[in-house]
Amino acid sequence: MKSAVTGLALLPFGAGSSLAVSSVQQTIVVLSGINEKTSFPHLIAVLDALSDQNIPVVCAISPFDSAQQQHGAASKLAQLLQGYLLGGSNIEIAPYLPDLTNQSPHFQARSSFEASQALQRLLLPLKGTTVRNSIRTVVCDDADSPTAPTGVRSAGILNVLVLPNENSPVQSQTWDTGTVRLFGGQKISLGSFQHLLTVQEANSSQRVIYLSAQEFSQYPINEIEVAANQFCSELSQAELDGVLSLEPASDLQLRNNYEFKRHLCCLLVRPAENDAPLLSSYTEFRATLTRMGVAFTEVNDPGRDPLGSLRGFWVPSDMTQIQAAQGLAWPKMIPIEIPKGRPDKDMIIRTTRPLGSGVGIVFHAAEHGQTGFDSNGLLNTIELEIHSENSIGQLQQAVGGMDDLIISIHPSFLLSRPVRNTFFELVSQLLNDGVTTSLPIDQFVRFRAPKDPISSRRRKVSAAQPALRQPRKPLKRIEKDKLIEDAQVAWRYFTRFTNRKTGLCPATVNSAPGGRLHETVTMWDVGSHINGLIAATQIGLIDRKKFESSINKILPNIIGRNSQERRLPQGWIRTDRHKWGNKNFDGSDAGRLLSSLDNLRRFGGFKDQLEELVASWSLQDIIVDGKIHSVLDGELTSSYVSHSAHYSALAFRRWGLGVQSPYEVLKGTSETDDQTALLEAVAKIGPIGAEPLLLEAMEMGMSRESAYLADVLFSTQVEEFNETGRLICVSEGPIDRNPWFTYQGLQLDTEQRTWATDTVGKEPEYRTPDFRENFLVISTKSAFLWNAYQHHEYSDKLLNFVRETSKTGNGFASSSFVKTGRPTESYSDLNTNGVILQALARHLGVAG
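Residues in the sequence shown are numbered consecutively from 115, following this note's numbering.
Structure below.
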């Protein structure tokens, strides 16, 4: 935000009162609440009053009906608006987007574009006459913590008017994107209208007056008609008295010091190499533009382009890549083509070379409508093609407007020197109007594209995904032998530390001098133990008889405990005593346990026993409004806002329990929108690590949500390695010093790539950059998970590293510190070794 201007208090005055102000208030009138349910006779009465006295008004229109379908051009609302607009009225159309104030830059861009397109189609007359009403303003509701409106500029939106909940001073905000947002204003009820309000203080400069079309139908139409005419008469009189200046919202940028800027982009189409006269004119033309300071982009003749019709460009957006390529023969843009006739969600980009992280721009004729980002993340723009003297007339009309200009200059235009001179005069007029800046097309695209961390990460992941789809080759004998040797190492933990009476393993083992066994386990730990036993049997480390004996010892320990008329698995239990634990219940850990029990059920032999066990638990009692809850000291506590909630939801569903997941935000509208929505939802929860993402792949098969997030996490780890040489493999797990257990993962909503840390107690001292730098670890179990899940050179590097550093006499060490490479060689745990066995069974192809 660059600046903020605050208006002063609004005070009432009567028709005969003195308007003692020394400055003219710039005043915008907004008519809100217009939709298919509006009383059209009442609306017409108000619009006629405004039109008769030539008062500019912004009509805030809901672009979609109650079923979220676009209003058709034949609808009553469309016909009404077309009638006023065809008559050259003072009406300005603005989409009403109530939730815009809370949206991210991506969805601001998307909703502004879709709403503007819908209104443009609404205004197309029935008989083929084209009506163009450039949409530069949106109206939205107020919110407690509004997000910056940086995304709307991509749709050509310059002004955002925020409907006030109560009458309040007008406050204006301006952003570097050139967008202005006005808060506050004055709500007037025509049904009870008596007199205008004015500003008593001399420094007040702006007013926004809101009328609600939804309110009109509450009164007889004749009363509304009288009130509307009185309202308009008082406005007109106040303007004549010099108290206020009525202005269209679209002119707000020009009449105030908001540093409005628009952009001029020139595309020069190269002539054929064998046309010497045209080449000479082209060279001269290009040199003149350079002397004038006009930025331009040279493109090939579409007729000779290997892709056929030139539709647009792919513009790199990764500034690290752009800066690294300075001075190199590296393309600023790559030509792309979008096959015609394809629906948005089935879009395919054809191109001459692989595309990196970037933004596509495609060009359309003026009748396409509004500029902006479509559902595939492509920037749609209006291109003015200059072929001859006839097209110069279109440029002359555009010069006096406010929209950004993209001009495509074709070789045929160069043949006429008078036409070229007219073009140069118009361009000179633009560059000297005080608001127009010349930009090359790639800089224009980067200016328009959302720059928030989520959008940036999504683009990088999209560029990386093709390299993640490599087919896995069959394992060679030597590779299988190494994996089995790894399994034998992991199995040591179970053989050395399983309690013979209870069948349970301690959660962690510290074999350093003075260290101890941690003789308690959570239900998450028990789930890992059960899955480890299944994997060991599948790999051939133990036989079926040994496996069944081990399971029969474990199951009696997890029958749960009655508390507050609920029977639930316990938060933790002792591993050296039978049926000894606390009364709490952890919803996330229960998800892990239910997933392992489902795995056990599918592995065979315990189906009836397991179904009876799960049915005995009061799991339905901890599901409130579809969300899983934990029980802490007898009180229900939501476990929904966690990265385990999705994994837990899938596990609960395996046992017939319908629960919700915070990840399930995909609507199927487009891949780009779905991915962005998911990343935003995940970022609000916190950093993402390999678990439980990859546990889902090992146990239940990957959901669409988790498969995408796995691509996000893995590709970002690869990105870190390529840029810094650091091996990154983040997850949750123990370390061998305070705070003993950390959650580590990728924070998605930070400007810089951040590997964040957290703890169970969320202590602030363990969230600092210094702590992250010194305590970031490579998770041993997650290295095995990635190697089993993602065939890639980087996952091989991770596996080779932990093989070299993490083998101990007690199984695999939990982790290794990134900064020093030191493993927690005296510290191992049940989860690490159980998950490793699980991953190895999957990698060896023996898992069910």
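Where a beta carbon is used, it is the ideal one built from N, C-alpha and C, also for glycine.
**Item:** Residues bridged to Glu749 [DSSP beta-bridge criterion]
**Value:** Along the sequence shown, one-based indexing puts residue 749 at 635. According to DSSP, Glu749 bridges with Leu746.
**Prompt:** Can you check whether the CB of Ile668 is closer than 9 Å to the CB of Ile648?
**Reply:** Here residue 648 is taken as the residue at index 534 of the sequence shown, counted from 1. Here residue 668 is taken as the residue at index 554 of the sequence shown, counted from 1. Against a cut-off of 9 Å, the Cβ pair of Ile668 and Ile648 comes out as no contact.
**Straight-line gap, Pro588 to Trp900 (C-alpha atoms, nearest Å)** = Here residue 588 refers to the residue found at position 474 of the sequence shown. Here residue 900 refers to the residue found at position 786 of the sequence shown. Using only the alpha carbons, I get a separation of about 17 Å.
**Request:** Kindly provide the ranges of any alpha helix (DSSP H) runs that are 4 or more residues long and lie completely inside the stretch 206–242, ordered along the chain.
**Result:** 219–236
**Message:** Quick check on Thr609: does DSSP put it in helix, strand or coil?
**Reply:** To locate residue 609, count along the sequence shown from 1; it is residue 495. Three-state result, Thr609: helix.
**Request:** Check the DSSP bridge columns for Pro937 and list the partner residues they point to.
**Result:** Translated into the one-based positions of the sequence shown, residue 937 becomes position 823. DSSP output for Pro937 lists Ser930 as bridge partner(s).
**Asked** What is the rounded straight-line gap between the Cα of Val383 and the Cα of Ile521?
**Response** Translated into the one-based positions of the sequence shown, residue 383 becomes position 269. Translated into the one-based positions of the sequence shown, residue 521 becomes position 407. Looking at the two C-alpha atoms, the distance is approximately 11 Å.
**Asked** Grouping DSSP H, G and I as helix and E and B as strand, with all else coil, what is Pro883?
**Response** The residue given as residue 883 occupies position 769 in the sequence shown. It is helical.
**Asked** Using the beta-carbon count (16 or more within 10 Å), is Arg586 buried or exposed?
**Response** Locating residue 586 in the sequence shown gives position 472, counting from the first residue. Flag for Arg586 reads exposed.
**Asked** What residue from Gly617, Arg706 and Ala650 has the CA that sits closest to Ser663's CA?
**Response** On the sequence shown, position 549 is the one that residue 663 refers to. The shortest Cα separation from Ser663 among Gly617, Arg706 and Ala650 belongs to Gly617.
**Asked** Out of curiosity, what's the CA-to-CA distance linking Val171 and Leu164?
**Response** Taking the sequence shown and counting its residues from 1, one reaches residue 171 at position 57. Taking the sequence shown and counting its residues from 1, one reaches residue 164 at position 50. Approximately 7 Å, taken between the alpha carbons.
**Which of helix, strand or coil DSSP assigns to Asp365** = Position 251 of the sequence shown, counted from the first residue, corresponds to residue 365. Reduced to three states, the DSSP call for Asp365 is helix.
**Item:** Cutoff 6 Å; reference Arg706; Cβ partners in own chain excluding five residues on either side
**Value:** As a first step, residue 706 must be located in the sequence shown, where it is residue number 592. Same-chain partners within the cutoff: Trp638 and Gly641.
**Message:** In whole angstroms, give me the CA-to-CA distance for Glu337 and Gln184.
**Reply:** Your numbering for residue 337 matches position 223 in the sequence shown. Your numbering for residue 184 matches position 70 in the sequence shown. Whole-angstrom Cα-Cα distance: 32 Å.
**Asked** For Glu968, which of helix, strand or coil comes out of DSSP?
**Response** Coverage of the chain is limited to positions 115 through 962, which leaves residue 968 absent and any answer about it impossible.
**Message:** Using only the alpha-carbon positions, how far apart do Thr609 and Arg467 sit?
**Reply:** For the purposes of this step, residue 609 is identified with residue 495 of the sequence shown, where counting begins at 1. For the purposes of this step, residue 467 is identified with residue 353 of the sequence shown, where counting begins at 1. When rounded, the distance between both Cα atoms is 54 Å.
**Message:** Quick check: the stretch 757–776 against the stretch 698–712, are at least 3 beta-carbon pairs closer than 8 Å?
**Reply:** yes
**Asked** Using the beta-carbon count (16 or more within 10 Å), is Glu865 buried or exposed?
**Response** The residue labelled residue 865 in the question sits at position 751 within the sequence shown. So Glu865 ends up on the exposed side.
**Request:** Could you work out which residue in Ile452, Cys380 and Thr404 is closest to Val413 when comparing CA atoms only?
**Result:** Taking the first residue of the sequence shown as 1, we reach residue 413 at position 299. It is Cys380.
**Asked** Between the stretch 944–960 and the stretch 872–881, do three or more beta carbon pairs fall short of 8 Å?
**Response** no
**Asked** Should the stretch 134–149 be called in touch with the stretch 357–366, which here means at least 3 C-beta pairs below 8 Å?
**Response** In the pairwise beta carbon analysis, the stretch 134–149 is classified as touching the stretch 357–366: at least three pairs are separated by under 8 Å.
**Item:** Which listed residue (Pro283, Pro263 and Ile302) has its alpha carbon closest to that of Val294
**Value:** Residue 294 sits at position 180 when you count from the first residue of the sequence shown. With distances taken between Cα atoms, Val294 lies closest to Pro263.
**Item:** Euclidean distance between Cα positions of Asp700 and Leu655
**Value:** On the sequence shown, position 586 is the one that residue 700 refers to. On the sequence shown, position 541 is the one that residue 655 refers to. If you take the alpha carbons of Asp700 and Leu655, they lie about 32 Å apart.
**Residue from Asp365, His524, Gly923 and Lys933 whose Cα sits closest to the Cα of Glu939** = Translated into positions along the sequence shown, residue 939 becomes position 825. Closest by alpha carbon: Gly923.
**At least 3 beta-carbon pairs within less than 8 Å: the stretch 550–560 vs the stretch 784–798** = no
**Prompt:** With Gly925 and Arg606 assumed to form a contact (beta carbons below 8 Å), what rounded beta-carbon distance in angstroms separates them?
**Reply:** Taking the sequence shown and counting its residues from 1, the one referred to as residue 925 is at position 811. Taking the sequence shown and counting its residues from 1, the one referred to as residue 606 is at position 492. Taking a contact as a CB-CB distance under 8 Å, the pair Gly925 and Arg606 counts as one, their CB atoms being some 5 Å apart.
**Per DSSP, the bridge partner or partners of Trp428** = Counting from one through the sequence shown, the residue named residue 428 turns up at place 314. Paired residues: Ile448 and Gly474.
**Message:** So, at 8 Å on beta carbons, what are the nonlocal neighbours of Val728 in its own chain, with the 5 sequence-adjacent residues on each side left out?
**Reply:** Taking the sequence shown and counting its residues from 1, the one referred to as residue 728 is at position 614. Once the five neighbours on either side are set aside, the close Cβ partners of Val728 are Leu708, Leu711 and Trp769.
**Prompt:** Using the C-alpha atoms, what's the distance from Val960 back to Lys911?
**Reply:** Taking the sequence shown and counting its residues from 1, the one referred to as residue 911 is at position 797. Taking the sequence shown and counting its residues from 1, the one referred to as residue 960 is at position 846. Taking the straight line joining both Cα atoms gives about 23 Å.
**Message:** Looking at the strands, I want to know which residues DSSP matches up with Arg101.
**Reply:** Nothing about residue 101 can be reported from this structure: the residues present for the chain run from 115 to 962 only.
**Message:** Looking only at its chain, what residues have a beta carbon closer than 8 Å to the beta carbon of Val635, apart from the 5 residues adjacent to it on each side?
**Reply:** Here residue 635 corresponds to residue number 521 of the sequence shown, with the count starting at 1. Excluding residues within five positions, the ones whose Cβ falls inside 8 Å are Leu618, Cys619, Pro620, Ala621, His643, Trp686, Ile687, Thr689 and Leu944.
**Prompt:** When the distance is taken between beta carbons, is Val745 closer than 9 Å to Arg681?
**Reply:** As a working note, residue 681 is residue 567 in the sequence shown. As a working note, residue 745 is residue 631 in the sequence shown. No, these two residues do not count as a Cβ contact at 9 Å.
**Message:** If you follow the alpha helix (DSSP H) that Arg572 is in, where does it begin and where does it stop?
**Reply:** Start at 1 with the first residue of the sequence shown, and residue 572 comes out as number 458. Element bounds for Arg572: Pro567 to Ala578.
**Message:** For a test of the three-state rule: what should DSSP assign to Asp355, helix, strand or coil?
**Reply:** Numbered from 1 along the sequence shown, position 241 holds the residue referred to as residue 355. It is coil, neither helix nor strand.
**Sequence-distant residues of the same chain with beta carbon closer than 6 Å to Glu497, five excluded per side** = Reading the sequence shown from its first residue, position 383 is the one you call residue 497. Excluding the 5 residues flanking it on each side, Glu497 has same chain C-beta neighbours closer than 6 Å at Phe477, Ile520 and Ser522, in chain order.
**Prompt:** Does the beta-carbon of Met812 have 16 or more other beta-carbons within 10 angstroms, so that it is buried, or is it exposed?
**Reply:** Start at 1 with the first residue of the sequence shown, and residue 812 comes out as number 698. The residue in question, Met812, is buried, as its Cβ has 16 or more Cβ neighbours within 10 Å.
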